[in-house]
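Participant: So that we are looking at the same thing, I have put the structure below in structure tokens.
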Amino acid sequence: IYQVLRELSSNNYINRNVFLIITYMRKILKYTLPTILACSMLHISCSDWTDVESIKLKTPTIEEQNPELYAQYVKSLNEFKASEHQVVITSIDNVGTIPVSRSQHLTDMPDSIDYICLNNITEVSEINASEIKEVRQLGTKVLGLTDFDKIENAWKKILDEEAANAQTISDETENEGEEEPVDNATRFIEYCKNEVAKQIAASSALGVDGIVANYTGFDLNSLVEENEIAAETARQAAFFDAVTGWKAENADKTIIFKGAPQNVINKKFFADCKYIIINAHSAKNQNEMSYLVLMASAKDVPTDRFVMGVTTPYLTNSGSYNGELGDGSSAIIGAAQWAVSKTQDYTKAGISIDAAEKDYFNVANVYPTIKEAINILSPTVK
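Written out as structure tokens, the structure reads:
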């Protein structure tokens, strides 16, 4: 506009008043033009800020960067796991929903782990199921848990609820006569058979490489009468017969026992077990670990396959803190050190780590304790 008026003035088409207007507008443009330009630039910038454009960032994996080197690594890893060595068995409390943390992924666990046991075998997410094939490529085997202790605890809760309901009914109504006694022993056997069948069926459907049979039980020396022995034999058979039957149909798969082998009546079962995990969650030093193994070394229990079973730290219902030794050090590291110390009384076949997913979280390094334990057992494996 200023330029047009200037040209008109030069051609004498306007008078002095127009010239004054031109001068006034010139002053306005002089002071407002920078502001107008700045606002225009700000509008453009704001528009750029609010128009979000996704940026795809991809960090290449070792396999993608150097496929040949990675193939050699996988080959060496599989050869090591196939050789004689002290094993590392882990168990995780897997979730049935979509994983919300990297700690819930099988593929994020250390490559050198030999076995991963899924504790919640009836609730495995599709993502975890798809990861089984990936970890198998590294020589890692995936197991499903068959848990007598869990079945027994669930049964006790059922009986407690029934007793509470019966008491309520008794308080509200008059007794019209004596009720027939309930044979809870027989009921438990049927309940146990059904539950263990569900667990084994879930493992079979998932196509796992084996089963961990968890059983604690009680001291068999407390059984005196023949009828007591017969009753306990029937109880245990409801669990172990199902596992033995599964093994007969899956000869190429692995069974690992976990718990207290001295409390098992039919010790022929251990002939099918590759390892026997001794539960030492409450052990406060390595001497206690050795004592638990000696207690487990009952007649007819194989002593050439003991694995020390510990856990990442957790607070028990009674208020004690498991997973740490008496001096505050890690039970996982203590178990690894126990495993490499020599003894002639029995074979130390490795370690087992429960709740392994809890060791994932660390600012500097994921799974730091498990990796340190692996390095103690096999210093050449990284």
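Residue numbers for the sequence shown follow my numbering, beginning at 52 and rising by one. We put the beta carbon where it would ideally sit given N, CA and C, even for glycine. All values derive from a computational prediction rather than experimental measurement.
Mapping DSSP to helix, strand and coil, what is Lys433?
Facilitator: Below a pLDDT of 50, predicted positions are generally treated as unreliable, and Lys433, at 49, falls in that range; the measurement from the model is reported next regardless. In the structure shown, Lys433 sits in coil (DSSP, three-state: anything other than H, G, I, E or B).
Participant: Between Ser348, Lys422 and Gly379, which has its C-alpha nearest Thr398's C-alpha?
Facilitator: Looking at the Cα atoms, Ser348 is the closest of the given residues.
Participant: How many Å lie between Glu241 and Ala217 at the Cα?
Facilitator: About 22 Å.
Participant: Please name the residue in Phe321, Gly310 and Asp270 whose C-alpha comes closest to that of Asp516.
Facilitator: The question about residue 516 has no answer, for the chain in this structure spans 52 to 433.
Participant: Would you call the segment 200–210 and the segment 145–165 in contact, with 3 or more CB pairs under 8 Å?
Facilitator: Contact between the segment 200–210 and the segment 145–165 is absent, because fewer than three Cβ pairs lie under 8 Å.
Participant: For Gly261, collect the residues of the same chain with a Cβ closer than 7 Å to its Cβ; drop the 5 residues on either side in sequence, then sort them by chain order.
Facilitator: Lys192, Leu194, Lys304, Thr305, Ile306 and Ile307.
Participant: Measuring only the C-alpha atoms, how far is Gln137 from Ile280?
Facilitator: If you take the alpha carbons of Gln137 and Ile280, they lie about 37 Å apart.
Participant: Count the other C-beta atoms from every protein chain shown that fall within 10 angstroms of the C-beta of Thr420, then say buried if there are 16 or more, exposed otherwise.
Facilitator: Answer is buried; the Cβ neighbour count reaches 16.
Participant: State the start and end residues of the unbroken beta strand (DSSP E) segment that holds Ile307.
Facilitator: Looking at the DSSP string, the run of the beta strand (DSSP E) that includes Ile307 is Thr305 to Gly310.
Participant: Which residue marks the beginning of the beta strand (DSSP E) containing Tyr266, and which one marks its end?
Facilitator: Element bounds for Tyr266: Gly261 to Tyr266.
Participant: Residues in its own chain within less than 6 Å of Glu408 by CB, not counting five upstream and five downstream?
Facilitator: So the list reads Ile143 and Ser154, once near-sequence residues are dropped.
Participant: Please classify Pro118 as buried or exposed, where buried requires at least 16 neighbouring CB atoms within 10 angstroms.
Facilitator: Classification of Pro118: exposed, given that the 10 Å Cβ count is below 16.
Participant: Could you tell me the alpha carbon to alpha carbon distance between Tyr342 and Thr367, rounded to whole angstroms?
Facilitator: The alpha-carbon atoms of Tyr342 and Thr367 are separated by roughly 22 Å.
Participant: Asp355 by DSSP, collapsed to three states: which one?
Facilitator: Three-state DSSP puts Asp355 in coil, outside helix and strand.
Participant: Pull up the DSSP beta-bridge partners for Glu375, would you.
Facilitator: The partner list for Glu375 (beta bridge, DSSP) reads Ser381.
Participant: So what's Tyr326 in DSSP terms, helix, strand or just coil?
Facilitator: Looking at Tyr326 - three-state DSSP - the assignment turns out to be strand.
Participant: Mind the definition here: the segment 323–341 touches the segment 380–388 only if three or more C-beta pairs lie below 8 Å; say whether that holds.
Facilitator: Output reads yes: the segment 380–388 touches the segment 323–341.
Participant: To which residues of the same chain is Ile328 closer than 6 Å at the C-beta, ignoring the five residues directly before and after it?
Facilitator: Once the five neighbours on either side are set aside, the close Cβ partners of Ile328 are Lys309, Val358, Gly360 and Ser403.
Participant: Give me the DSSP bridge partner(s) of Ser403.
Facilitator: According to DSSP, which records beta bridges pairwise, Ser403 is partnered with Ile140 and Gly360.
Participant: Ordered along the chain, which non-local residues of its own chain (more than five positions away) have a Cβ less than 8 Å from that of Arg187?
Facilitator: Within the same chain, Arg187 has close Cβ partners Val193 and Asp260.
Participant: Along the chain, where does the alpha helix (DSSP H) containing Thr394 start, and where does it finish?
Facilitator: Premise fails: Thr394 is in no alpha helix (DSSP H) and is neither H nor E.
Participant: Please report the distance separating the alpha-carbon of Pro161 from that of Lys126.
Facilitator: Approximately 16 Å between the Cα atoms of the pair.
Participant: At which residues does the alpha helix (DSSP H) containing Ile167 begin and terminate?
Facilitator: Taken as a continuous stretch (DSSP letters only), Ile167 belongs to no alpha helix (DSSP H), being part of the beta strand (DSSP E) at Tyr166 to Leu169.
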